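The listed protein sequences correspond, in order, to chains A and B.
Counting from 1, one number per residue, gives the positions in the first sequence under my numbering.
Counting from 1001, one number per residue, gives the positions in the second sequence under my numbering.
A virtual CB, placed ideally from N, CA and C, is assigned to each residue, including glycine.
Owing to the predicted nature of the structure, the values given are computational and were not obtained by experimental measurement.
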Amino acid sequence: MTFTDKLKTNPTALWSGVVLIACALIALPFALAMAGTTWVRVTNLAILFTLLALGLNIVVGFAGLLDLGYIAFYGVGAYVYALLASPQFNLHLPFWVILPIGALAACVFGVLLGAPTLKLRGDYLAIVTLGFGEIVRIFFNNLSQPVNITNGPQGISRIDPFTIGSFSFSQNEVLLGLNFSGPIKYYYLLLLVLIAVIVINLRLEDSRIGRAWQAIREDEVAAQAMGINTTRIKLLAFAMGASFGGVAGGMFAAMQGFISPESFVLVESVMVLSMVVLGGMGNIWGVIVGALLLSFVPELLRHTVDPLQRSLFGRLIVEPEVVRMLLFGLALMLMMLFRPAGLWPSKVRQRELADE
Amino acid sequence: MEIFLQQLINGLTLGSVYAVVALGYTMVYGIIQLINFAHGEVVMIGAMVAFSVIGWLAANTALPPLVIVLIGTLAAIPACVGVGYALEIFAYRRLRHAPRLAPLITAIGASIVLQQVAMMIWSRNPLGFPQIIPNTVYHLEGATITLVQIAIIVTSVLLMVGLTLVVYRTRLGVAMRATSQNAHIAGLMGVNVNQIIAATFMIGAALAAVAGVMVGSYYGIAHYTMGSLLGLKAFCAAVLGGIGNLAGAMLGGMLLGIVEALGAGYIGDFTNNVFGSNYQDVFAFLVLIGVLVFRPSGLLGERIGERA
Chain A
1 MTFTDKLKTN PTALWSGVVL IACALIALPF ALAMAGTTWV RVTNLAILFT
51 LLALGLNIVV GFAGLLDLGY IAFYGVGAYV YALLASPQFN LHLPFWVILP
101 IGALAACVFG VLLGAPTLKL RGDYLAIVTL GFGEIVRIFF NNLSQPVNIT
151 NGPQGISRID PFTIGSFSFS QNEVLLGLNF SGPIKYYYLL LLVLIAVIVI
201 NLRLEDSRIG RAWQAIREDE VAAQAMGINT TRIKLLAFAM GASFGGVAGG
251 MFAAMQGFIS PESFVLVESV MVLSMVVLGG MGNIWGVIVG ALLLSFVPEL
301 LRHTVDPLQR SLFGRLIVEP EVVRMLLFGL ALMLMMLFRP AGLWPSKVRQ
351 RELADE
Chain B
1001 MEIFLQQLIN GLTLGSVYAV VALGYTMVYG IIQLINFAHG EVVMIGAMVA
1051 FSVIGWLAAN TALPPLVIVL IGTLAAIPAC VGVGYALEIF AYRRLRHAPR
1101 LAPLITAIGA SIVLQQVAMM IWSRNPLGFP QIIPNTVYHL EGATITLVQI
1151 AIIVTSVLLM VGLTLVVYRT RLGVAMRATS QNAHIAGLMG VNVNQIIAAT
1201 FMIGAALAAV AGVMVGSYYG IAHYTMGSLL GLKAFCAAVL GGIGNLAGAM
1251 LGGMLLGIVE ALGAGYIGDF TNNVFGSNYQ DVFAFLVLIG VLVFRPSGLL
1301 GERIGERA
C-alpha cells in the first residue's frame, strides 16, 4: 500500500495533515519576517512564479506545446494593471476590475499568437512563441513615442497597491498584537490565489478538456480521429495558460509598484520553463516543487555563494547571479538528458517519454 | 534612391552574416531534423575568441592587419568546432530518438550555460575591435560602402561556394547527404552515421566562427549576449529559405538582411513616424511567422509531410 492509499483509507490522518499544513502556511510569514521582511518578499515572488509555472504547465505539460514566450502574457497582465492603476494616465481603477481585464487581455494575446501558429509542428511553434515574446518586449520598450503609452525603458512607477475601501495591502497594520506588514498581507492574498489556481488546475486535468489536451500531447492524429477539434482545444490551452499569466502579471505590478520591460525578457520565460521541466511537466505538484526550488535555491545561493567564496579565495570569483543562471541552464540540460519526466513526474508523461 | 541603395548595401552585409549562420542551422536540421538552438552562442564564442586573439596581436606585434584578423579567425575556428562537437556529444546525441521538444530544451539550457561561461571568461563588458583596418569608404551613386562590408560579403560568398563544393563534390558530402536521406540505410552502406553527424556540427561551428568575426568586425564590438538574437534571426533566415536546404539558407539570409535594412529605413516614412527604426528586430520575427503560416516549407524547401 502506498502512502497516498493509506491516507485515503484514513480520513482522520488526511484531515489532520491538511490542518497541520494549513497552520504551517499561515504561520510561515511571521517566522520569515523574523529573519527579515526580504524573505517574505522572496516567498511572495516564489508564489507568483509558482502561479506562472502552473499556467505554463497547462500549455507545456498538459497540451505538450512548447511556449518560449510565456513571459509576454505575464508582461501584458502587468502593463494592463500598471496603465489602469497609476499616475501614467491618471487612472486608478480598483484591482478587482483590472485583474479580469488583464487576464482577458493576456487571453486575447494568447489567441492572437495561437490562431495562426498552432498548426505548426512543435519545434517551430517554440521558436515562433519565442519571437512573439521578443516582439511584445520590443513594443513595451518603444511605445513611448509618438504617444507615451508604456513610458519606454524607464517603465511605469508609483503603481497603486491593492486596496479594498480604506484597507490597503501596502500598509502596516497591527492586529491582535501581530504586525501585519504589506508583504505579509500580499502573502495571504497570493496563497489564496495559489490555492484557487491549484484547485482549478486539478479539476482541469481530469476534465474533458484536460483529457483532450493529454490526448493531443500523446498523439495528435489519433486525438483528431477520436473527434477532438485539435486546433480549438490547443487554442484553449494557449488562452487559458495566457490568462493565468495575465493575472500573475497584474499581481506582480501591484506588489512591486514599479514595472519596466526589463522584467519580461527571454530569460524569465526560460526560468519559468525550467521550473516546469525540473518539477515534472504535466504534474501539478511536481511543477509547484520545481517552482519553489528554483525560486528559493538561487536566493539561498545569493546568501551563501558570496561569503563562501570570500572566505575560501579571499575574493568573489563567480557572482551569485551567474550561479543562478548556470543553475537554470544545467537544470534544463541535465533534466532532459537524465530524467526527462522531471523530479516528480506525472505517471502518464513518464511512460510517454520513456517509450519514444 | 540614395537611402534605398545604402540600405540595400547594409542589408546585404548583414544578410551575408545571417546566411553563413543560417547554413549551420540548416545543415544540422537537414541531417537530423534538430533545431540546434545553441548555434547562436557558438557564433558568440567565435567572435569572443577571435577578438581576444586579435586584440592581443594588435597590441603586442607589428603584423599586418590582414594577417592579424586571419590568425584571429583561425584561432576561433578550432574553439567553435570544439564547442559544436561538445554540444553534439553532450546535449543532443543521447536525445536523438527522444521527442522533438527534448533536444530543444537541452539546447536552451546549453545556450544559457555557454553565455554564462563566456561572461565569466570575458566579463560583462563588450570586447572592442582594435582600430587596425583602415576604414576605407567607397562612394557609389551617393551611397557608401566600407572595406569591411566588402570583405564580409566576399568572405560569405567564398564560404558558401566552399560549402557547396564540400557537400556536392566530396565523399564526406555524399555521406552527409546519404545520412540526411535515411540515416539507417546510410549506416548499412558503411557510413559511420555518428561521425558524419558530428562532422556536420563541426562544419556548422566552423562557419559560425567566421560569422562571429564578420559580425563583430562590422559592429566593432563583441559581447557575451550577442549570440542569441543573431542566432534567432539566422534561424528565421533558414526557415525563410526552406530549412534543410543549403541554397535556401543562403537566399533566406540575404533576403532577411535586406528586408530588415529596408524595413528599418522606410518604416518611419510609411507609418508617419509612429514606428521608427528601433522596431528593426521585429521584422525577422514577422517574416518568420509569415513564412510559417503561409509557406511552412520556405521559399526553396520541398513540402515535407508530418512525421508519422
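(Q) Does chain B have any CB closer than 7 Å to the CB of A:Gly384? (A) This structure cannot speak to residue 384 of chain A, because chain A is shown only from 1 to 356.
Q.
So, at 7 Å on beta carbons, what are the nonlocal neighbours of B:Leu1034 in its own chain, with the 5 sequence-adjacent residues on each side left out?
A. In the second sequence, counting from the first residue as 1, residue 1034 of chain B sits at position 34. The answer, listed in chain order, is Val1028, Tyr1092 and Pro1103.
Q: Mind checking the region 1094-1108 of chain B against chain A and listing, in chain order, the residues whose C-beta falls within less than 8 Å of any C-beta there?
A: In summary, the residues of the region 1094-1108 of chain B whose CB is separated from some CB of chain A by less than 8 Å are Arg1094, Leu1095, His1097, Ala1098, Pro1099, Arg1100, Leu1101, Ala1102, Pro1103, Leu1104, Ile1105, Thr1106 and Ile1108, in the order they occur in the chain.
Q: Report the residues of the region 279-304 of chain A with a CB closer than 7 Å to any CB of chain B, ordered along the chain.
A: none
Q) Nearest chain B C-beta to A:Met336 closer than 7 Å, yes or no? A) By one-based count along the first sequence, residue 336 of chain A stands at place 336. By the rule that beta-carbons nearer than 7 Å mark a contact, A:Met336 touches chain B.
Q) What alpha helix (DSSP H) runs, 4 residues minimum, are completely inside the region 44-132 of chain A? A) Listed in chain order, the alpha helix (DSSP H) runs fully inside the region 44-132 of chain A are 71-84 and 95-117, counting runs of at least 4 residues.
Q.
Do A:Ser260 and A:Gly155 have their beta-carbon atoms positioned less than 7 Å apart in this structure?
A. As a working mapping, residue 155 of chain A is identified with position 155 in the first sequence. As a working mapping, residue 260 of chain A is identified with position 260 in the first sequence. Contact flag set, yes.
Q: Leaving out five residues on either side along the sequence, give the residues of the same chain with a beta carbon under 6 Å from the beta carbon of A:Gly358.
A: Because residue 358 of chain A is not part of the residues shown, which for chain A are 1 to 356, the question remains open.
Q: Apply the 10 Å Cβ neighbour rule to A:Val270 and answer buried if 16 or more other Cβ atoms are within range, or exposed otherwise.
A: Here residue 270 of chain A refers to the residue found at position 270 when the first sequence is read from its first residue. Its Cβ being crowded by 16 or more others within 10 Å, A:Val270 is buried.
Q | CA-to-CA distance, A:Val80 to A:Ile101, given in whole angstroms | A | Residue 101 of chain A sits at position 101 when you count from the first residue of the first sequence. Residue 80 of chain A sits at position 80 when you count from the first residue of the first sequence. Their Cα atoms are separated by approximately 8 Å.
(Q) Can you check whether the C-beta of A:Leu343 is within less than 7 Å of a C-beta belonging to chain B? (A) Residue mapping note: residue 343 of chain A aligns to position 343 of the first sequence, counting from 1. Chain B, which has no Cβ nearer than 7 Å to the Cβ of A:Leu343, makes this no.
(Q) For chain A, check one thing: does any of its Cβ atoms lie closer than 7 Å to the Cβ of B:Gly1305? (A) Here the question's residue 1305 of chain B lines up with position 305 in the second sequence. Note that B:Gly1305 scores a pLDDT of 44, beneath 50, so its modelled location is shaky; the value from the coordinates is reported in the next line. For B:Gly1305, the answer is no, since every Cβ of chain A falls outside 7 Å of its Cβ.
Q: Mind checking which residues open and close the alpha helix (DSSP H) that includes B:Ala1075?
A: Translated into the one-based positions of the second sequence, residue 1075 of chain B becomes position 75. First-last of the alpha helix (DSSP H) with B:Ala1075: Pro1065 to Ala1086.
Q) Shortest alpha-carbon distance to A:Asn148 belongs to which of A:Val111, A:Tyr187, A:Gln88 and A:Gly64? A) Looking up residue 148 of chain A in the first sequence gives position 148. Measuring from the Cα of A:Asn148, the nearest candidate turns out to be A:Gln88.
Q) Just how far apart, CA to CA, sit B:Ile1088 and A:Pro11? A) Position 88 of the second sequence, counted from the first residue, corresponds to residue 1088 of chain B. Position 11 of the first sequence, counted from the first residue, corresponds to residue 11 of chain A. Ile is not the amino acid found at residue 1088 of chain B; the sequence shown has Glu there. Each residue's Cα considered, the two are about 52 Å apart.
Q.
Measuring alpha carbon to alpha carbon, tell me which residue in B:Ala1234, B:Asn1036, B:Ala1261 and B:Val1083 is nearest B:Leu1311.
A. What the structure shows of chain B is the stretch from 1001 to 1308, and residue 1311 of chain B is not part of that stretch, so it cannot be assessed.
Q.
Assess contact between the region 1013-1027 of chain B and the region 1209-1217 of chain B, defined as three or more Cβ pairs (one per stretch) separated by less than 8 Å. Is contact present?
A. yes
Q. Quick one, which of A:Asn151, A:Phe238 and A:Gly75 has its alpha-carbon nearest A:Ile135's?
A. Residue 135 of chain A sits at position 135 when you count from the first residue of the first sequence. With distances taken between Cα atoms, A:Ile135 lies closest to A:Gly75.
Q: Verify the CB distance criterion: does B:Gln1116 have a CB-CB separation below 7 Å to chain A?
A: Translated into positions along the second sequence, residue 1116 of chain B becomes position 116. Chain A contact via Cβ: present.
Q: With 9 Å as the limit, tell me which residues of the region 1081-1092 of chain B have their beta carbon closer than that to any beta carbon of chain A; keep them in chain order.
A: Phe1090 and Ala1091
Q: Could you list which residues in chain B have their beta carbon closer than 9 Å to that of A:Thr117, in chain order?
A: For the purposes of this step, residue 117 of chain A is taken as the residue at position 117 of the first sequence. Result: Ile1289, Leu1292 and Val1293.
Q.
Output needed for B:Gly1305: all residues of its chain with C-beta closer than 6 Å, excluding positions within five of it in sequence on either side, in chain order.
A. Position 305 of the second sequence, counted from the first residue, corresponds to residue 1305 of chain B. Here the model assigns B:Gly1305 a pLDDT of 44, short of 50, so the residue's position is not dependable, and the following value carries that caveat. If we look at B:Gly1305 and ignore the five residues flanking it on each side, it has no Cβ neighbours.
Q | Pairwise C-alpha distance: A:Leu45 and A:Ser157 | A | For the purposes of this step, residue 157 of chain A is taken as the residue at position 157 of the first sequence. For the purposes of this step, residue 45 of chain A is taken as the residue at position 45 of the first sequence. Each residue's alpha carbon lies about 18 Å from the other.
**Q.** Buried or exposed (CB count within 10 angstroms, at least 16 for buried), A:Arg324
**A.** Here residue 324 of chain A corresponds to residue number 324 of the first sequence, with the count starting at 1. Result: buried.
Q.
Less than 7 Å between CB atoms is the rule here; does A:Tyr79 satisfy it with respect to chain B?
A. Residue numbering aside, residue 79 of chain A sits at position 79 when the first sequence is read from its first letter. By this cut-off, A:Tyr79 is not an interface position.
Q. Is it true that the CB of A:Gly133 sits closer than 7 Å to the CB of A:Ala72?
A. As a first step, residue 72 of chain A is located in the first sequence; it is residue number 72 there, counting from the start. As a first step, residue 133 of chain A is located in the first sequence; it is residue number 133 there, counting from the start. Yes, the pair counts as a contact, with Cβ atoms nearer than the cut-off.
(Q) Tell me whether the region 1050-1062 of chain B and the region 1241-1255 of chain B touch, counting them as touching only if at least three CB pairs, one residue from each stretch, are closer than 8 Å. (A) no
(Q) DSSP three-state label for A:Ala437, please. (A) Because chain A here runs from 1 to 356, residue 437 of chain A falls outside it and cannot be looked at.
Q) For the 8 Å Cβ check, are there 3 or more pairs between the region 1252-1264 of chain B and the region 1226-1243 of chain B? A) Verdict: yes, contact present.
Q. Would you say A:Glu356 faces chain B, with C-beta separation under 7 Å as the test?
A. Numbered from 1 along the first sequence, position 356 holds the residue referred to as residue 356 of chain A. With a pLDDT of 47 at A:Glu356, under the threshold of 50, the modelled position of this residue cannot be trusted, and the question is left open.
**Q.** Beta carbon proximity, B:Ala1075 to chain A, threshold 7 Å
**A.** Taking the first residue of the second sequence as position 1, residue 1075 of chain B is located at position 75. No, no contact with chain A.
Q: Tell me, please, which residues DSSP counts as bridged to A:Phe167.
A: Along the first sequence, one-based indexing puts residue 167 of chain A at 167. Note: A:Phe167 sits in a beta bridge opposite A:Ile164.
**Q.** Check whether A:Thr37 and A:Pro161 have beta carbons under 7 Å apart
**A.** Residue mapping note: residue 37 of chain A aligns to position 37 of the first sequence, counting from 1. Residue mapping note: residue 161 of chain A aligns to position 161 of the first sequence, counting from 1. Taking 7 Å as the Cβ cut-off, A:Thr37 and A:Pro161 do not qualify as a contacting pair.
Q. Going along the chain, which residues of the region 229-252 of chain A sit with their C-beta nearer than 8 Å to a C-beta in chain B?
A. none
Q. Of the choices B:Arg1096, B:Gly1276, B:Ile1003 and B:Asn1010, whose alpha-carbon is the least far from that of B:Val1148?
A. Within the second sequence, residue 1148 of chain B is the residue found at index 148, counting from 1. Measuring from the Cα of B:Val1148, the nearest candidate turns out to be B:Asn1010.
**Q.** Straight-line gap, B:Ala1284 to A:Leu68 (C-alpha atoms, nearest Å)
**A.** Position 284 of the second sequence, counted from the first residue, corresponds to residue 1284 of chain B. Position 68 of the first sequence, counted from the first residue, corresponds to residue 68 of chain A. The straight-line gap from Cα to Cα measures roughly 17 Å.
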